[in-house]
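S.K.: Sequences listed follow chains A and B, in order. Each residue of the first sequence is one higher than the last, beginning at 1 in our numbering. Each residue of the second sequence is one higher than the last, beginning at 262 in our numbering.
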Amino acid sequence: MASSGSGYDLSSSTFSPDGRIFQVEYASKAVENSGTAIGILCKDGVVLGVNKPLLHKMLVPGSSQRIHTVSASSGVAMTGFIPDGRQVVNRAREEAANYKETYGSTIPPKILGDRMATYVHYFTLHGSLRPFGASCLVGGYDEVTQTPELYMVEPSGTTYSYYACAAGKGRQPAKTELEKLDLSKTPITCEEAVKQICRIIYMLHDESKDKPFELELSWLSEATQWKHKGVPKDVIASSVEWAKAQLEEEEDDDEEDGMEE
Amino acid sequence: GKSIQKRLASCVVSIIIASLLFFLILIMALSLSANASSKERTTRPIVTGTSVLGIKYDGGVMLAADTLCSYGSMAKYKDARRIHAIRKTLVGGGGEYSDFQSVVQLLEAEALEDECTSASLYDTHSNNAKETWNYLRAVMYNRRNKMNPLWNDLVVAGMDAEGAPFLGWVDKIGTTFEDNLVATGFGSYLAIPLLREKYRPDLQEGEARALLEDCMRVLFYRDCRALNRIQIAKVDQEGDVLISEPYELDTQWDSASFVTPVADLEGDGGW
């Protein structure tokens, strides 16, 4: 599928003859090998979720956070190389603190996404640096326009505003499911989004092949006074129950369809 | 002959230019070195707040301060807020108001960073009052050592790590102490004796408030840079952090020594 690169892939500062920068594409590959992250923009807020595979049996659950608070009303979920992602998150925190000190108000998510994009892009320009192997989903609340917003920053520095986005291993099926929700025309509430994310993550998870995982979820909404917080554990638990029940129903429906034929 | 002379001349000129440049750079380097030059350090306060009082009561801690910022002897800003709440801690400041605003901004940035970098999305640790007090000690002492102080006397009030009421004091040179009752500025001379007389460990909230109001009234009578418009703030053990809206204290000027100030003296009381 991808051509071998042969000589044009040794440095970020080299274009290939067909106009690609292979190092940046390889960085995206690093993201594609990692746990799925999903973000949904809701009518009353933003929800971020990350599938965190538990790589070792001796890992203490809850360590190695994937979702971080970046400012009073912004959160970032990352997937890919976690140390790379942490570096981007730290820079995002510095940008947010700097903005607050200079202008006195919380950084609008558009500007935060912009600053992160500029930072990530910088590392694709220099031969002595490698690109970040992490994608960041940025959810935030703009106090001036009074709207929640969702952005995704990719290793190339590309940043778009999304109704819903996914990154990581299961991003293709996740994107298909998210498109089915038709969020631009029929936005959903944050509680509903938590359930949908649980359903999609559990749908992608194959009990026999994949490792056990932890689901990290966060949201910011009017109910949290637009502060970025972890989704309460009981809400996650009930959403997971709902998701599992939904998936069983769908399986039964599929079986019935199969039998009827 | 002539070309050698030309070359000599151009050599001399270039040596002179090089040495001039060298000295220029040397002087610049010296002026930017370790000690801040006198253009860059605080030597005197301009817009100032006066006393801040603090007292512990049974179940919490209470602060009082007036809402005046003076511009020398002019009572310029009569609605200045000299007590701020940062999360669950109160900080009150007298002295240079811009430095106090800078301290509040610094503490807010620290609190925000703590919230962002806490161990999990579910546990947002923020510094308790005692930790804030200690942090301010480090900040003030550090500035003092650079001969560029933040010209403030600060009072820090709230709870400590065990949840017991905490009241601490930090001054512009980084001295600190904690006590059941504190005061800055004129308050340390006029209010402390009154607070000490009335303080009891089981002082009730209402009594503490009345005591602080009384001290603020005395300060208004006797401190030339005080105002009778005050704010009271409290942190209690249930976790409530409240700063009242400013209100005016009533005062009485019909005391004999105010009405006839030179009653027993001959003349007008002058020399």
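All C-beta atoms, glycine included, are put in the ideal place defined by N, C-alpha and C. Since the model is a prediction, treat every value here as computed from it, not as a measurement.
1) Taking glutamate 216 (chain A) as the reference, give the member of A:Ser13, A:Phe22 and A:Val47 with the closest Cα.
2) Three or more C-beta pairs under 8 Å: does that hold for the region 138–149 of chain A against the region 165–182 of chain A?
3) Between lysine 175 (chain A) and threonine 159 (chain A), what straight-line distance do the alpha-carbon atoms span, to the nearest angstrom?
4) I want to verify the contact list: residues of chain A whose CB lies under 7 Å from the CB of tyrosine 383 (chain B), in sequence order.
5) For threonine 102 (chain A), count neighbouring C-beta atoms within 10 Å of its own C-beta (all shown protein chains included) and say buried if the count is 16 or more, exposed if not.
6) I need the DSSP call for phenylalanine 15 (chain A), collapsed to helix, strand or coil.
7) Just confirm the distance between the C-beta atoms of glycine 424 (chain B) and leucine 351 (chain B), as a whole number of angstroms; I'd bet it's less than 8 Å.
8) Mind pulling the chain B residues with CB within less than 7 Å of arginine 115 (chain A)?
9) Is the number of C-beta pairs between the region 52–59 of chain A and the region 187–203 of chain A that are closer than 8 Å three or more?
10) What is the DSSP secondary structure of methionine 477 (chain B), reduced to helix, strand or coil?
11) Taking the runs of the alpha helix (DSSP H) that are 4 residues or longer, which of them lie wholly in the region 376–437 of chain B?
12) Does glycine 139 (chain A) come out as helix, strand or coil in the three-state DSSP assignment?
13) Return helix, strand or coil for glutamate 216 (chain A), following the three-state DSSP convention.
14) Run through the DSSP bridge pairs and tell me what lysine 317 (chain B) is partnered with.
15) Measuring CB atoms only, is the region 455–462 of chain B touching the region 484–492 of chain B, in the sense that at least three cross pairs come out at less than 8 Å?
16) For the region 108–173 of chain A, list the beta strand (DSSP E) runs that are entirely contained and at least 3 residues long, ordered along the chain.
17) Under 8 Å, Cβ to Cβ, is there at least one residue of chain B near threonine 69 (chain A)?
18) Taking its Cβ as the centre, do 16 or more other Cβ atoms sit within 10 Å of leucine 269 (chain B), making it buried, or is it exposed?
19) Which class does glutamate 527 (chain B) belong to by DSSP, given the choice of helix, strand or coil?
20) Name the two residues that bound the continuous beta strand (DSSP E) containing aspartate 463 (chain B).
21) Would you be able to state if there are at least three C-beta pairs under 8 Å between the region 248–258 of chain A and the region 207–216 of chain A?
22) Note down, in chain order, every chain A residue with its Cβ under 8 Å from the Cβ of alanine 325 (chain B).
23) Please report the residue range of the alpha helix (DSSP H) in which lysine 100 (chain A) lies.
24) Determine the burial state of tryptophan 532 (chain B): buried for a count of at least 16 other Cβ atoms within 10 Å of its Cβ, exposed for fewer.
25) Under 8 Å between C-beta atoms, does alanine 37 (chain A) make it to chain B?
26) Need the endpoints of the alpha helix (DSSP H) that cysteine 190 (chain A) sits in, please.
27) Taking the beta strand (DSSP E) that glutamine 492 (chain B) falls in, what are its first and last residues?
28) Check for me: the alpha helix (DSSP H) holding serine 71 (chain A) runs from which residue to which?
29) Throw me the rounded Cβ distance for the glycine 113 (chain A) and tyrosine 162 (chain A) pair, which I believe falls under 8 Å.
30) Comparing C-alpha positions only, which one of A:Pro108, A:Thr189 and A:Met116 sits nearest to glycine 157 (chain A)?
31) Tell me which residues of the region 350–370 of chain B have at least one Cβ-Cβ distance to chain A shorter than 9 Å, keeping chain order.
32) Which residue wins for smallest C-alpha separation from threonine 393 (chain B), given the options B:Arg342, B:Phe427 and B:Gly321?
33) Among residues of its own chain, excluding the 5 on either side of valine 31 (chain A), which ones have a beta-carbon nearer than 7 Å to its beta-carbon?
34) Pick from B:Phe284, B:Ala517 and B:Asp340: whose alpha carbon is nearest that of serine 331 (chain B)?
35) Going straight from the alpha carbon of serine 381 (chain B) to that of asparagine 98 (chain A), what length do you get?
36) Identify whether methionine 1 (chain A) lies in helix, strand or coil by the three-state DSSP scheme.
M.R.: Taking the coordinates as given:
1) A:Val47
2) no
3) Computed Cα separation, rounded: 17 Å.
4) Gly230
5) So threonine 102 (chain A) counts as exposed.
6) coil
7) Contact doesn't hold; Cβ gap of about 16 Å is too wide.
8) None at all; the shortest Cβ gap to chain B is about 15 Å.
9) Contact fails: fewer than three Cβ-Cβ distances are below 8 Å.
10) helix
11) 390–406
12) strand
13) Residue state for glutamate 216 (chain A) is assigned as strand, using DSSP reduced to three classes.
14) B:Val322
15) no
16) Scanning the region 108–173 of chain A for uninterrupted beta strand (DSSP E) segments of 3 residues or longer gives 134–142, 147–153, 159–161 and 164–167, listed from N- to C-terminal end.
17) The C-beta of threonine 69 (chain A) comes closer than 8 Å to at least one C-beta of chain B.
18) exposed
19) coil
20) No beta strand (DSSP E) contains aspartate 463 (chain B), which DSSP labels as neither H nor E.
21) Not touching, per the Cβ criterion.
22) Ordered by position in chain A, no residue passes the 8 Å Cβ test against alanine 325 (chain B), which lies about 28 Å from the chain.
23) 82–103
24) exposed
25) no
26) 190–204
27) 490–497
28) Taken as a continuous stretch (DSSP letters only), serine 71 (chain A) belongs to no alpha helix (DSSP H), being part of the beta strand (DSSP E) at 67–71.
29) Actually they are not in contact, since the Cβ atoms of glycine 113 (chain A) and tyrosine 162 (chain A) sit about 10 Å apart, beyond 8 Å.
30) A:Met116
31) Residues are counted here when their Cβ sits less than 9 Å from a Cβ of chain A; for the region 350–370 of chain B these are Gln366, Glu369 and Ala370, given in chain order.
32) B:Phe427
33) Within the same chain, valine 31 (chain A) has close Cβ partners Thr79, Gly80, Gly133, Ala134, Ser135, Pro155, Ala167 and Gly168.
34) B:Asp340
35) 23 Å
36) Model confidence at methionine 1 (chain A) stands at a pLDDT of 43, short of 50, so the residue's coordinates are unreliable and nothing is read from them.
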